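**Q**
4 protein chains.
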Amino acid sequence: MSFNTFGKIFRFTTWGESHGPAIGCVVDGCPPNVPVSEKDIMKDMNRRRPGHSKFTSQRKESDNVKILSGIFQGKTTGTPISMIIYNEDAKSRDYETIKNKFRPGHADYTYFLKYGIRDYRGGGRQSARETASRVAAGAIARIVLNKFIGKKFNIVGAVTQLGILGCDKNNWNVNEIRKNSLFCPDKKSVKLWEKYLLAIRKVGSSCGAIIELRASGIPAGLGAPIYSKLDSDLAGALMSINAVKGVNIGAGMGSAFLSGEENSDEIKGILGKAKFKSNNAGGILGGISSGQQIVASFAVKPTSSILSSRETIDKKGRNTKISVRGRHDPCVGIRAVPIGEAMMSCVILDHYLLNKAQCG
Amino acid sequence: MSFNTFGKIFRFTTWGESHGPAIGCVVDGCPPNVPVSEKDIMKDMNRRRPGHSKFTSQRKESDNVKILSGIFQGKTTGTPISMIIYNEDAKSRDYETIKNKFRPGHADYTYFLKYGIRDYRGGGRQSARETASRVAAGAIARIVLNKFIGKKFNIVGAVTQLGILGCDKNNWNVNEIRKNSLFCPDKKSVKLWEKYLLAIRKVGSSCGAIIELRASGIPAGLGAPIYSKLDSDLAGALMSINAVKGVNIGAGMGSAFLSGEENSDEIKGILGKAKFKSNNAGGILGGISSGQQIVASFAVKPTSSILSSRETIDKKGRNTKISVRGRHDPCVGIRAVPIGEAMMSCVILDHYLLNKAQCG
Amino acid sequence: MSFNTFGKIFRFTTWGESHGPAIGCVVDGCPPNVPVSEKDIMKDMNRRRPGHSKFTSQRKESDNVKILSGIFQGKTTGTPISMIIYNEDAKSRDYETIKNKFRPGHADYTYFLKYGIRDYRGGGRQSARETASRVAAGAIARIVLNKFIGKKFNIVGAVTQLGILGCDKNNWNVNEIRKNSLFCPDKKSVKLWEKYLLAIRKVGSSCGAIIELRASGIPAGLGAPIYSKLDSDLAGALMSINAVKGVNIGAGMGSAFLSGEENSDEIKGILGKAKFKSNNAGGILGGISSGQQIVASFAVKPTSSILSSRETIDKKGRNTKISVRGRHDPCVGIRAVPIGEAMMSCVILDHYLLNKAQCG
Amino acid sequence: MSFNTFGKIFRFTTWGESHGPAIGCVVDGCPPNVPVSEKDIMKDMNRRRPGHSKFTSQRKESDNVKILSGIFQGKTTGTPISMIIYNEDAKSRDYETIKNKFRPGHADYTYFLKYGIRDYRGGGRQSARETASRVAAGAIARIVLNKFIGKKFNIVGAVTQLGILGCDKNNWNVNEIRKNSLFCPDKKSVKLWEKYLLAIRKVGSSCGAIIELRASGIPAGLGAPIYSKLDSDLAGALMSINAVKGVNIGAGMGSAFLSGEENSDEIKGILGKAKFKSNNAGGILGGISSGQQIVASFAVKPTSSILSSRETIDKKGRNTKISVRGRHDPCVGIRAVPIGEAMMSCVILDHYLLNKAQCG
């Protein structure tokens with residue numbers, strides 16, 4: 001059972017609302033004796049946090065992570081690591097306008113139907129602010145994987161589709177991703193993307209995005225058939241991110257259009273080592289990693305909070321309208337890149353540990 | 001933890017290999033006092049089982065389900081329901097040819113790397129034969145949901161894309177799906193699809209497919225944020241099916257291409273009841289069902305076993321070739337329809353029970 | 001999986017070390033719309049906290065619980081409730097003396113062997129300070145049960161054996177338990193117990209205790225056979241409390257000495273209602289509550305930190321001696337009463353919710 | 001969640017009723033490449049099975065275990081091991097007499113209240129017949145531990161108290177336990193015990209028992225604080241066995257009567273290795289194994305089915321009487337020895353694997 005807990009061995013539990021005093025998470029099952037510092041974690045946090053580019057929400061959060069337990073003399077002790085992030089810019093703007101209305105595309109309506117009560121301030125628990133906690137947990141997973149696997153390990157995500165604009169994935173460049181504010185991997189697409197997104201922002205609209213994640217250096221053998229397959233767990237993990245509506249592994253939905261000849265990745269033995277001639281499988285066969293690069297992608301729907309007036313109902317079921325000003329990302333997909341990386345890091349570490357248990 | 005167990009409250013554990021004496025599953029957490037018979041279960045089993053159409057594998061299995069426990073005087077007792085299905089047509093053909101080779105696109109290679117041992121007969125545990133157990137468990141879930149929700153409840157799946165051929169989803173017809181062997185919902189597409197698939201079969205090739213699932217009558221409020229969201233659990237469940245590479249909820253991957261205005265489903269109050277004007281969300285907002293139809297789809301890659309000679313390696317890492325004759329489905333996606341329905345039934349029942357626990 | 005998480009539906013995760021900045025817990029799965037305040041929680045906290053009687057540790061902790069999430073306008077929202085308790089009196093005394101030695105009876109040695117690193121300050125994570133978080137979680141469970149079951153619900157614990165001194169359980173008086181500092185239920189025993197414990201404290205020794213818990217008003221039908229039986233879960237829960245070495249349900253270990261005639265509780269029908277003529281079963285049959293009072297007891301070993309010099313080894317395996325001064329309870333069993341109540345409250349609420357899921 | 005599933009990594013799910021066609025279990029998470037045969041499993045099965053001594057039930061069951069999956073060419077493959085045991089001697093005696101009555105001390109009443117339906121034939125699911133499945137699973141755990149730990153590993157149980165008769169535990173002799181039908185470890189007590197039990201059986205009465213389990217060769221470091229402590233999991237596991245009412249670890253309930261000086265086990269360094277001077281802790285400190293012998297004991301209540309007429313009620317709440325003839329053990333505690341060993345084997349293997357995951 002896991003309402004607000006993710007993972008099997010390496011587990012994290014998140015808590016907190018958009019406009020409460022703080023949010024945070026508790027990471028459990030982390031291996032001991034791994035050097036972890038708040039500074040290390042901030043590297044990932046800074047990539048997700050809002051307020052530092054014109055393409056993301058103007059909410060200003062430093063997202064400083066404070067570690068409250070589980071680290072002793074700079075190292076993990078194997079006990080739970082509690083992290084807290086204070087909410088700093090939770091504006092006391094007029095919630096009265098949305099307090100009794102259900103914003104279309106948001107979970108206002110479903111939270112209210114489920115629980116009969118909802119914290120309407122900034123969306124409360126449904127807010128993507130929760131994902132800051134995921135990034136903090138994912139940062140620790142990444143550090144542990146780095147220690148265990150070494151230099152060849154790497155997890156990188158990028159936006160490969162911004163609304164109607166694609167990019168050339170053959171130009172995938174990790175340095176480029178780090179450089180531009182849109183996590184675009186293709187230098188040639190950046191300018192156009194920026195113009196496009198500014199235009200969308202200007203008119204108060206929004207667009208969706210596709211994010212691709214690539215994990216290198218992952219050992220073969222990770223993943224536990226039948227119901228904890230690596231791809232199944234990745235799909236669940238990525239689909240749990242706010243606004244995600246689709247998940248692909250390798251060729252993904254596109255595999256439906258391929259023939260058996262095109263799709264199945266042939267294997268070559270080179271000096272006794274298996275080399276695959278293609279990677280439609282996305283590095284996973286039968287739910288188990290094959291040693292190839294693991295490739296997953298996911299679609300983020302366009303931000304639901306837009307300027308246009310939208311039809312909706314209020315708590316009493318009466319017809320009304322709503323239009324959301326406030327601080328919002330014109331494309332929530334952009335900041336989903338470090339979140340996707342975080343979830344992938346956690347899933348892979350979890351299976352790394354799990355595999356040690358049964359097959360180590 | 002759940003290697004071979006699926007679910008939280010309503011759980012099932014499957015066991016068995018393609019060429020062992022039997023396969024089966026144990027369903028746990030089923031509510032008591034629900035009338036369940038082997039005959040009821042066979043309705044779903046017959047839709048999945050091989051050997052009864054020219055479009056599926058010629059392996060002949062009656063797939064008779066025998067209930068060994070948990071039913072007393074025709075009703076569930078709340079104790080585990082053990083079901084067994086004997087393997088009847090596990091041919092003792094020459095496994096020597098594939099015993100030491102890894103079939104491309106299959107999990108031969110990864111199972112061997114993970115476990116250091118593998119049952120190579122028909123793929124052993126990785127075989128889609130395991131999905132018969134899922135259908136048996138799903139049949140019970142469906143019966144329970146029928147009892148709890150009543151007549152308006154329905155879960156129907158169909159193939160909406162067969163390789164490169166689509167169909168007109170506006171012609172979605174439940175009776176048509178039941179009638180043709182391809183689970184095609186659009187009467188106008190059936191003939192062409194049949195020709196296409198026979199041609200593929202004839203040349204020993206294979207094609208992929210997209211399956212769409214629609215659940216009606218599902219109450220609002222099901223789904224447990226943040227890490228047991230209804231869509232997240234559906235994604236994990238569907239991705240766990242053999243050969244699935246992509247999962248969409250509602251507009252799915254396509255939502256990336258929409259604007260905020262196009263995507264977010266407006267709400268109208270009609271006689272105090274919420275009516276959504278569209279369903280890009282696929283009936284799920286913030287991981288919780290909204291009362292709309294729940295719509296999910298998934299892509300199944302083309303069957304990896306094909307006639308063409310393919311490059312691969314053997315257990316010693318030496319280069320070799322393989323071509324698979326034997327009995328295979330030209331499109332494994334077809335028989336995935338009842339499997340998808342089964343998984344969706346289990347996920348929805350599970351959340352139905354879970355919701356009673358916290359919010360009932 | 002649950003290293004630092006307890007429960008199935010109503011779950012709590014605790015974190016924090018004895019001498020870190022704070023400890024805390026995250027309660028997940030709490031039903032929505034239940035009025036919960038910090039003040040309510042403090043009622044239970046105050047019964048456990050140290051420093052307010054001569055019979056407990058002189059460490060001064062106000063144990064103020066601060067709620068960081070999950071409560072909106074005074075009510076639970078169904079989202080995780082994060083609670084934090086700052087450590088105030090974590091004395092910077094000379095840890096050098098125990099830093100490299102393993103205190104006999106404590107978990108210094110095993111933590112070090114397991115993790116290869118340990119926070120030696122006050123025992124770190126192994127300290128009973130962690131139990132403050134349990135009491136906070138248990139306080140919420142109690143509030144929910146009170147709301148659901150109503151007035152007849154009650155969980156009360158008492159010390160029924162203090163070292164070699166017993167008491168007359170026929171004199172069990174709930175008001176008396178609240179009145180004296182030793183949680184003694186029998187007014188006639190209090191004075192002698194106090195003298196005995198002061199003498200033990202004076203010589204720097206310690207004694208064990210037996211705590212009995214009684215839960216009234218619990219509905220029949222709670223408990224999930226076979227591996228989540230109510231008594232099995234209670235046993236696991238109570239045995240997880242620091243220093244507990246034995247758990248009894250009803251007649252407990254003593255049932256071994258009874259005959260079948262003496263032991264099995266006969267049933268009388270009174271106005272169509274079942275009345276048991278005795279309660280050797282402790283209110284649980286086949287792992288399911290019978291509607292009788294649920295009775296469990298557990299033994300707490302004597303405090304391991306004592307004045308006498310004890311033989312032990314250091315980190316390098318060298319023989320050495322240790323004697324512990326510092327602030328300690330002469331009988332840790334006393335403060336275990338509210339902890340036991342908390343754990344029992346959580347187990348019963350958990351099964352209450354679980355039963356709604358499967359049989360509600 | 002785990003209604004009928006036990007364990008975390010090494011897990012087993014049991015199913016089946018006393019008078020259904022069969023019972024069985026599915027073992028999941030077993031490490032691959034371990035030689036396992038039905039014959040190996042039968043060694044443990046034969047020690048539990050009824051019908052082969054005058055001190056146990058006359059129900060004749062060969063308890064032959066048939067393996068249906070998970071073993072290939074004599075070795076585990078890492079996939080689920082399904083085992084089935086057919087019920088052979090499920091007598092069609094007149095169930096009408098107990099069909100509508102609740103047997104005191106049994107779970108008839110609570111199962112009926114919980115589920116609203118019960119399989120009354122031989123107690124259905126509540127029957128101790130289920131424990132045959134545990135012994136089968138435990139046999140596999142023992143084989144795996146033997147392979148991993150080697151010769152020094154051993155888990156042995158014995159009856160140390162038979163009703164009012166104790167024995168001298170200083171005479172603990174493993175060969176003696178194997179020799180007599182009462183699992184008595186002290187040769188000097190056997191004769192008296194036999195006389196005593198035959199007398200009890202003759203008058204149709206019953207007695208309780210205490211079973212002690214000793215595990216040798218267990219590595220230090222097993223056990224996961226705080227809520228999966230080794231002792232906590234052992235307590236839950238043993239309390240889940242039918243008719244168990246109390247569990248002790250090491251000094252157990254008796255530790256309440258000790259002083260701190262008597263109780264805490266001093267440590268001596270001998271050639272750099274820790275040697276404990278006593279074992280009141282039962283080999284577990286802070287929930288983690290210390291490398292000492294792990295010692296646990298549990299009390300089994302007297303068989304509730306006795307000849308004497310007992311007061312009870314029927315399904316309609318009317319007063320009635322019942323006396324149970326049929327086939328019953330005069331002391332169910334005796335056959336609990338191999339069951340206790342099985343549960344301990346499973347818990348220890350589970351923590352062995354779990355420890356590899358986090359700290360391996």
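Residue numbers (my numbering), protein chains in the order written: chain A, 1 to 360; chain B, 1 to 360; chain C, 1 to 360; chain D, 1 to 360. Glycine included, each C-beta is placed from N, C-alpha and C at the ideal position. From a predicted model like this one, the values you see are computed outputs, not experimental measurements.
#1: So that I know if they touch, is there some Cβ in chain C lying closer than 8 Å to that of Ile140/D?
#2: Indicate whether at least one CB of chain D lies closer than 8 Å to the CB of Cys359/A.
#3: With burial defined as no fewer than 16 other Cβ atoms inside 10 Å of the residue's Cβ, what is the status of Pro330/A: buried or exposed?
#4: Can you tell me the Cα-Cα spacing of Gly291/A and Val36/D, whole angstroms?
#5: Ile98/B and Tyr362/B - do their beta-carbons sit closer together than 8 Å?
#6: In chain A, which residues lie with their C-beta within 8 Å of the C-beta of Asp89/B?
#7: Identify whether Asp63/A lies in helix, strand or coil by the three-state DSSP scheme.
#8: Look up Pro338/D in the DSSP assignment and say whether it is helix, strand or coil.
#9: Looking at Ala296/B: is its Cβ nearer than 8 Å to the Cβ of Asn248/B?
#10: In the structure shown, what three-state DSSP assignment does Val34/A receive?
#11: Give the interface partners of Gly78/D over in chain A, defined as CB-CB distance under 8 Å, in chain order.
#12: Name the residues in the segment 27-49 of chain A whose C-beta lies less than 7 Å from a C-beta of chain D; which are they?
#13: Taking a cut of 9 Å between CB atoms, which residues from the segment 92-125 of chain B lie near chain A?
#14: What span of residues does the alpha helix (DSSP H) with Asn263/B cover, start to end?
#15: Pull up the distance between the alpha-carbon of Tyr111/B and that of Ile143/A, whole angstroms please.
#16: Hey, how far is the Cα of Asp231/B from the Cα of Ala357/C?
#17: Using 10 angstroms around the beta-carbon of Asn173/B, count the other beta-carbons present and answer buried if the total reaches 16, otherwise exposed.
#18: Taking 8 Å as the CB-CB limit, is Asp63/B close to chain A?
#19: Go through its chain and collect everything with a Cβ distance to Pro225/B's Cβ below 8 Å, but skip five positions before and after it.
#20: Please specify which runs of the alpha helix (DSSP H), each continuous and at least 4 residues long, are wholly inside the segment 159-205 of chain A, giving them in chain order.
#21: Could you say which of Leu165/D, Gly272/D, Gly317/D and Glu311/D lies nearest to Asp314/C if we only look at CA atoms?
#22: Measure from the alpha carbon of Ser216/A to the alpha carbon of each residue in Gly70/A, Gln293/A, Ala243/A and Pro50/A, then state which is nearest.
#23: Using DSSP bridges, identify the partner residues of Lys273/D.
#24: Tell me whether Ser228/A sits in a helix, a strand or coil according to DSSP, three-state version.
#25: Closer than 8 Å, CB to CB, is Ile177/C near chain B or not?
#26: Check each candidate in Ile84/B, Gly283/B and Ala243/B and name the one with the smallest Cα separation from Ser255/A.
#27: Taking only beta-carbon positions, decide if Phe3/C is within less than 8 Å of chain A.
#28: Given Gly105/D, which residues of its chain have a CB within under 7 Å of its CB, disregarding the five upstream and five downstream residues?
#29: Could you please give me the residues that DSSP links to Tyr86/C through a beta bridge?
#30: Alpha carbon to alpha carbon, how far is Asp168/C from Thr79/A? Give it in angstroms, no decimals.
#31: List the residues of chain D that Ile9/A touches, going by C-beta distances under 7 Å, in chain order.
#32: Please compile the residues from chain C whose C-beta is within a distance smaller than 7 Å of the C-beta of Leu353/B.
#33: Does the distance from the CB of Gly150/D to the CB of Asp44/D come in under 8 Å?
#34: Quick check for students: name the residue ranges of the beta strand (DSSP E) that lie wholly in the segment 112-165 of chain A, counting only runs of 3 or more.
#35: At what residues does the alpha helix (DSSP H) containing Lys361/C begin and finish?
#36: What's the C-alpha gap between Ala107/C and Asn33/A?
**A** On the basis of the coordinates in this document:
#1: Here residue 140/D refers to the residue found at position 140 when the fourth sequence is read from its first residue. No, Ile140/D lies away from the interface with chain C (no Cβ there is under 8 Å from its Cβ).
#2: For the purposes of this step, residue 359/A is taken as the residue at position 359 of the first sequence. For Cys359/A, the answer is yes, since a Cβ of chain D falls inside 8 Å of its Cβ.
#3: Your numbering for residue 330/A matches position 330 in the first sequence. Pro330/A comes out buried.
#4: Translated into the one-based positions of the first sequence, residue 291/A becomes position 291. Translated into the one-based positions of the fourth sequence, residue 36/D becomes position 36. For Gly291/A and Val36/D, the distance between alpha carbons rounds to 30 Å.
#5: Within the shown structure, residues of chain B are numbered from 1 to 360, placing residue 362/B beyond reach of any answer.
#6: Your numbering for residue 89/B matches position 89 in the second sequence. Near Asp89/B there are no residues of chain A at all, since even the closest Cβ is about 22 Å away, more than 8 Å.
#7: Counting from one through the first sequence, the residue named residue 63/A turns up at place 63. In this structure, Asp63/A counts as coil in the three-state DSSP scheme.
#8: Mapped onto the fourth sequence, residue 338/D falls at position 338. Helix.
#9: Taking the second sequence and counting its residues from 1, the one referred to as residue 296/B is at position 296. Taking the second sequence and counting its residues from 1, the one referred to as residue 248/B is at position 248. Yes, they are a contact pair.
#10: If you number the first sequence from 1, residue 34/A lands on position 34. In the structure shown, Val34/A sits in coil (DSSP, three-state: anything other than H, G, I, E or B).
#11: The residue you call residue 78/D lines up with position 78 of the fourth sequence. Residues of chain A passing the Cβ test: Gln358 and Cys359.
#12: Gly29, Pro31 and Pro32
#13: Phe102, Arg103, Pro104, Gly105, His106, Ala107, Asp108, Tyr109, Thr110, Tyr111, Leu113, Lys114, Tyr115, Gly116, Gly123 and Arg125
#14: The sequence position of residue 263/B within the second sequence is 263, counting from 1. Here the alpha helix (DSSP H) through Asn263/B covers Gly260 to Asn263.
#15: Residue 111/B sits at position 111 when you count from the first residue of the second sequence. Residue 143/A sits at position 143 when you count from the first residue of the first sequence. Their Cα atoms are separated by approximately 28 Å.
#16: For this step, residue 231/B is matched to residue 231 along the second sequence. For this step, residue 357/C is matched to residue 357 along the third sequence. Near 20 Å, if we compare the C-alpha coordinates of Ala357/C and Asp231/B.
#17: Within the second sequence, the letter at position 173 stands for residue 173/B. Looking at its Cβ environment, which holds fewer than 16 other Cβ atoms inside 10 Å, Asn173/B is exposed.
#18: By one-based count along the second sequence, residue 63/B stands at place 63. Output row for Asp63/B: interface = no.
#19: Translated into the one-based positions of the second sequence, residue 225/B becomes position 225. Counting only Cβ-Cβ distances below 8 Å, and skipping sequence neighbours, we find Gly286, Gly287 and Ile288.
#20: 174-179 and 187-202
#21: What you label residue 314/C is simply residue 314 of the third sequence in a count that begins at 1. Minimum Cα distance to Asp314/C is reached at Gly272/D.
#22: Indexing the first sequence from 1 puts residue 216/A at position 216. The candidate whose alpha carbon is nearest that of Ser216/A is Gln293/A.
#23: Translated into positions along the fourth sequence, residue 273/D becomes position 273. According to DSSP, Lys273/D bridges with Ile270/D.
#24: Residue mapping note: residue 228/A aligns to position 228 of the first sequence, counting from 1. If DSSP states are grouped into helix, strand and coil, Ser228/A belongs with the strands.
#25: By 1-based counting over the third sequence, the position of residue 177/C is 177. No, Ile177/C lies away from the interface with chain B (no Cβ there is under 8 Å from its Cβ).
#26: For the purposes of this step, residue 255/A is taken as residue 255 along the first sequence, with counting starting at 1. Nearest C-alpha to Ser255/A: Ala243/B.
#27: For the purposes of this step, residue 3/C is taken as the residue at position 3 of the third sequence. Interface residue, yes.
#28: Counting from 1 along the fourth sequence, the entry for residue 105/D is found at position 105. Counting only Cβ-Cβ distances below 7 Å, and skipping sequence neighbours, we find Ser304.
#29: Locating residue 86/C in the third sequence gives position 86, counting from the first residue. According to DSSP, Tyr86/C bridges with Ala22/C.
#30: Against the first sequence, residue 79/A aligns to sequence position 79. Against the third sequence, residue 168/C aligns to sequence position 168. Each residue's Cα considered, the two are about 42 Å apart.
#31: On the first sequence, residue 9/A is found 9 positions in, with the first residue counted as 1. Those are Ala357 and Gln358, listed as they occur along chain D.
#32: For the purposes of this step, residue 353/B is taken as residue 353 along the second sequence, with counting starting at 1. By Cβ distance, chain C contributes Ala357 and Gln358.
#33: In the fourth sequence, counting from the first residue as 1, residue 150/D sits at position 150. In the fourth sequence, counting from the first residue as 1, residue 44/D sits at position 44. No, the Cβ-Cβ distance between Gly150/D and Asp44/D is not below 8 Å.
#34: 154-162
#35: Residue 361/C lies beyond the range of chain C shown here (1 to 360); nothing can be said about it.
#36: As a working mapping, residue 107/C is identified with position 107 in the third sequence. As a working mapping, residue 33/A is identified with position 33 in the first sequence. Whole-angstrom Cα-Cα distance: 18 Å.
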